[in-house]
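In the UniProt record's numbering, the protein residues as written are 1 to 465.
Glycine is no exception: its CB is placed at the ideal position from the N, C-alpha and C atoms.
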Amino acid sequence: MADGISERHEISSRIPADAQARSQVLLVDDDPAILRLFRRCLEMEGYAVTAAPSVRDAEVALTRGVYDVCVLDLDLGGGDSGLELLPRLRERAPWLRVLMATATDDVGTALQSIRAGANDYLVKPCDPEQLVHAVGQQAEARRLERRIEALEDREEGERPDLQTENPALQGVLELARRVATTDATMLILGENGTGKTMLARAIHEWSRRARAPFATVSCPSLSPELLNSELFGHVRGAFTGATDNRPGRIQVAEGGTLFLDEIGDLPMSLQPKLLRFLQDREYERVGDPHTRTANVRVIAATNQNLQQMVADGKFREDLYYRLNVVGVTLPPLRERREDIPRLAENLALQLAHRYDRPARQFSADARAQLATHGWSGNLRELRNAIERAVIICEGETIRSEHLPFVTSTPLSGGPRAGDPISLEELERAHIEAIVASAPSLEAAARQLKIDSSTLYRKRRLYNGR
Numbered sequence: 001m002a003d004g005i006s007e008r009h010e011i012s013s014r015i016p017a018d019a020q021a022r023s024q025v026l027l028v029d030d031d032p033a034i035l036r037l038f039r040r041c042l043e044m045e046g047y048a049v050t051a052a053p054s055v056r057d058a059e060v061a062l063t064r065g066v067y068d069v070c071v072l073d074l075d076l077g078g079g080d081s082g083l084e085l086l087p088r089l090r091e092r093a094p095w096l097r098v099l100m101a102t103a104t105d106d107v108g109t110a111l112q113s114i115r116a117g118a119n120d121y122l123v124k125p126c127d128p129e130q131l132v133h134a135v136g137q138q139a140e141a142r143r144l145e146r147r148i149e150a151l152e153d154r155e156e157g158e159r160p161d162l163q164t165e166n167p168a169l170q171g172v173l174e175l176a177r178r179v180a181t182t183d184a185t186m187l188i189l190g191e192n193g194t195g196k197t198m199l200a201r202a203i204h205e206w207s208r209r210a211r212a213p214f215a216t217v218s219c220p221s222l223s224p225e226l227l228n229s230e231l232f233g234h235v236r237g238a239f240t241g242a243t244d245n246r247p248g249r250i251q252v253a254e255g256g257t258l259f260l261d262e263i264g265d266l267p268m269s270l271q272p273k274l275l276r277f278l279q280d281r282e283y284e285r286v287g288d289p290h291t292r293t294a295n296v297r298v299i300a301a302t303n304q305n306l307q308q309m310v311a312d313g314k315f316r317e318d319l320y321y322r323l324n325v326v327g328v329t330l331p332p333l334r335e336r337r338e339d340i341p342r343l344a345e346n347l348a349l350q351l352a353h354r355y356d357r358p359a360r361q362f363s364a365d366a367r368a369q370l371a372t373h374g375w376s377g378n379l380r381e382l383r384n385a386i387e388r389a390v391i392i393c394e395g396e397t398i399r400s401e402h403l404p405f406v407t408s409t410p411l412s413g414g415p416r417a418g419d420p421i422s423l424e425e426l427e428r429a430h431i432e433a434i435v436a437s438a439p440s441l442e443a444a445a446r447q448l449k450i451d452s453s454t455l456y457r458k459r460r461l462y463n464g465r
């Protein structure tokens, strides 16, 4: 036995430690003895393990946690098959690395499992060394996938969105960079699609915590009970379906950054608990009286007016001030129109590469549409529009007919299709179209045959309305 344990540790040491310590493993098997054995072996190696003895338990587990690797038994008893569960696993968690466990060393069964979507298979009974090694390989593969995803997200998000000619956004980014070097709690305000999550990630990357986790909690996406568990974690037996201990996002973010997205949707029942955590960095998991501490930096974001919510009694005033140690507001895209041409070109280049299409350029009419559109969805809407145009454009030039909004409202608060257009509205649209296509505001002023001060005054007047 001693030799077996020694060999097991020798094998697992070939897998990077962070692939083990941070990997979440879901075991699905109807045999309690197998579950106990597999769980003990994997927990000894540092994995966080959830055991599911049935299909239903596995599906419940997937609604409560995010897993990296699943060891799935082929024959789950009671007529249930791992092959039947596998597509549902893939639908709920397409990133999940699946090891199909089978009692027969049959090539046909193995091929069937792989074709159904499993990443590899494991023959039972197996030695602990084989289990640990097989799970370690899949955990390492998932770790590498996460690194690639993070790099792709950074490449797609930072390049088009964090470069700006807009003075207001330049000021926001300058302040964010300064605050990033501290552990101060930050509150990011802005409309939907303005890049709040992207800025939060950038602050994390600029900070001394950049090598530690960045964990996100989406406040509107879960019920108060599930949000409580998602944020703070829970222990086994805390509520119906809590079959295992589960770390919350606070624990997952240890040493790094916790991002609370759409904090305005945080239920009143959870606000005192979050307030205490922000004050003392202490919390309890659901169902656990033991107090825990955490070393995390907190960034929150919302598209709501928290001050008004405080006045209306819908958000705690003390929590608001704890969150808003340093606050920044991201301007909507309609207020940074000088950035639209570069944003559109960068997105077109990236998306053409993604879809294996030729590089795209924009016609004058397409540029005018981009410059005068209202952009109620901000950067998210811009990306959607460019993605659609790149896909449906058959040539190398994106024209106005390739854009999805050619008949929509050109400017926020402007005329709708069929409404009469005033001379002032025509002038505004013309100015923004010229500014969007000109290399600088000075060049736009020359093209418009007005001086720069007049152009600045007119744009300030229009953007203030």
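Using 8 Å as the Cβ pair cut-off and three pairs as the minimum, do the stretch 198-206 and the stretch 244-258 touch?
-> Taking 8 Å as the limit for Cβ pairs, the verdict is that the stretch 244-258 does touch the stretch 198-206.
Terminal residues of the beta strand (DSSP E) in which Ala48 lies = Looking at the DSSP string, the run of the beta strand (DSSP E) that includes Ala48 is Ala48 to Ala52.
Could you pull out every residue in the same chain whose Cβ sits closer than 6 Å to the Cβ of Gln304, ignoring the five residues on either side in sequence?
-> Gly264.
Cα-Cα, which of Leu351, Gln24 and Gln361 is closest to Glu396?
-> It is Gln361.
Among Lys124, Ile392, Leu122 and Gly136, which one has its Cα closest to the Cα of Ala48?
-> Answer by Cα proximity: Gly136.
Applying the criterion that 16 or more other CB atoms from any shown protein chain within 10 Å of the CB defines a buried residue, is Gly233 buried or exposed?
-> Counting Cβ neighbours within 10 Å, Gly233 comes out buried, since at least 16 surround it.
Quick one, are the C-beta atoms of Leu187 and Ala301 less than 9 Å apart?
-> Ala301 sits close to Leu187, with the two beta carbons spaced by under 9 Å.
Where DSSP assigns a beta bridge to Cys219, which residues make up the other side?
-> BP columns for Cys219 are empty, so no partner.
Can you list, in chain order, the residues of its chain whose CB lies under 7 Å from that of Arg236, leaving out five sequence neighbours each side?
-> Sequence-distant partners of Arg236 (beyond 5 residues in either direction) whose C-beta falls short of 7 Å from its own C-beta, in its chain, are Ala242, Thr243, Asp244 and Asn245.
Starting from Gly44 and walking both ways along the alpha helix (DSSP H), at which residues does that stretch end?
-> Note on residue identity: the sequence assigns Met, not Gly, to residue 44. Met44 -> alpha helix (DSSP H) spans Pro32 to Met44.
Could you tell me the boundaries of the beta strand (DSSP E) in which Gly77 lies?
-> That run of the beta strand (DSSP E) goes Asp75 to Gly77.
Touch test, the stretch 315-332 against the stretch 160-178, Cβ-Cβ under 8 Å, three pairs minimum = Yes, the stretch 315-332 touches the stretch 160-178.
Only counting runs of 4 or more residues, tell me where the alpha helix (DSSP H) segments fall wholly within the stretch 289-330, in order along the chain.
-> With a minimum length of 4 residues, the continuous alpha helix (DSSP H) runs that stay inside the stretch 289-330 are 306-311 and 317-323.
Taking the alpha carbon of Asp57 as the point to measure from, which residue in Leu122, Met309 and Asp29 has its own alpha carbon closest?
-> For Asp57, the nearest C-alpha among the options comes from Asp29.
Coarse secondary structure for Gly136, derived from DSSP in three states = Reduced to three states, the DSSP call for Gly136 is helix.
Three-state class that DSSP yields for Ser229 in the structure shown = The three-state reading of DSSP puts Ser229 in helix, counting H, G and I together.
Short Cβ contact (9 Å threshold) for Leu99 with Asp80 = No, the pair does not count as a contact, with Cβ atoms beyond the cut-off.
Own chain, CB closer than 7 Å to Leu403, minus 5 neighbours either side, in chain order = For Leu403, where only same-chain residues beyond five positions count, the Cβ hits under 7 Å are Ala366, Gln369, Ala385 and Ala389.
Would the beta-carbon of Leu131 fall within 9 Å of that of Val69?
-> Contact flag unset, no.
To which residues does DSSP link Cys70 through a beta bridge?
-> Note: Cys70 sits in a beta bridge opposite Leu26 and Val98.
CB of Leu455 within 9 Å of CB of Val435, strictly = Yes, the pair counts as a contact, with Cβ atoms nearer than the cut-off.
Going by DSSP, name the residue or residues bridged to Arg246.
-> His234, per the DSSP bridge assignment.
Extent of the continuous alpha helix (DSSP H) run through Met198 | Annotation: the continuous alpha helix (DSSP H) that includes Met198 extends over Lys196 to Trp206.
Does the count of Cβ pairs from the stretch 37-45 and the stretch 81-88 closer than 8 Å reach three?
-> Using a C-beta cut-off of 8 Å, the stretch 37-45 makes no contact with the stretch 81-88, since fewer than three inter-stretch Cβ pairs fall below that distance.
Are three or more beta carbon pairs between the stretch 266-278 and the stretch 309-316 nearer than 8 Å?
-> Per the Cβ contact rule, the stretch 266-278 is in contact with the stretch 309-316 (3 or more Cβ pairs under 8 Å).
Compare the Cα-Cα distances from Ala253 to each of Pro272, Leu231 and Thr240 and report the closest residue.
-> If you compare the alpha carbons of Pro272, Leu231 and Thr240 with that of Ala253, the shortest gap goes to Leu231.
For Asn378, the nearest candidate out of Lys273, Gln350, Glu191 and Leu275 (CA to CA) = Closest option to Asn378, judged by alpha-carbon separation, among Lys273, Gln350, Glu191 and Leu275: Glu191.
For Leu274, count neighbouring Cβ atoms within 10 angstroms of its own Cβ and tell me buried if that reaches 16, exposed if not.
-> Classification for Leu274: buried.
So Arg297 and Ser207 are in contact, right, with Cβ under 8 Å, and what is the actual spacing, rounded?
-> Between Ser207 and Arg297 the Cβ distance is about 7 Å, and since that is below 8 Å, they are a contact.
Leaving out the 5 sequence neighbours to the left and right, which residues in its chain are closer than 8 Å to Arg97 when beta-carbon positions are compared?
-> Spatial neighbours of Arg97 in its own chain (CB-CB distance under 8 Å, excluding positions within 5 residues in sequence) are listed in chain order as Asp68, Val69, Cys70, Asn119, Gln138, Ala139, Ala141 and Arg142.
From Gln24, Asp75 and Ala52, residue whose alpha carbon lies closest to that of Val66 | Ranking the options by Cα distance to Val66, first place goes to Gln24.
Would you call Asp280 buried or exposed, if buried means 16 or more other Cβ atoms sit within 10 Å of its Cβ?
-> Under this definition Asp280 is an exposed residue.
Would you kindly report the start and end of the unbroken alpha helix (DSSP H) that includes Asp127?
-> No alpha helix (DSSP H) contains Asp127, which DSSP labels as neither H nor E.
Opening and closing residue of the beta strand (DSSP E) in which Leu187 lies | Counting along the chain, the beta strand (DSSP E) containing Leu187 begins and ends at Met186 to Leu189.
Taking Cβ to Cβ, would you say Arg292 is nearer than 9 Å to Gln251?
-> With contacts defined by Cβ atoms closer than 9 Å, Arg292 and Gln251 form a contacting pair.
Assigned secondary structure, Leu260 (DSSP; H/G/I helix, E/B strand, else coil) = The answer is strand: DSSP assigns Leu260 an E or B state.
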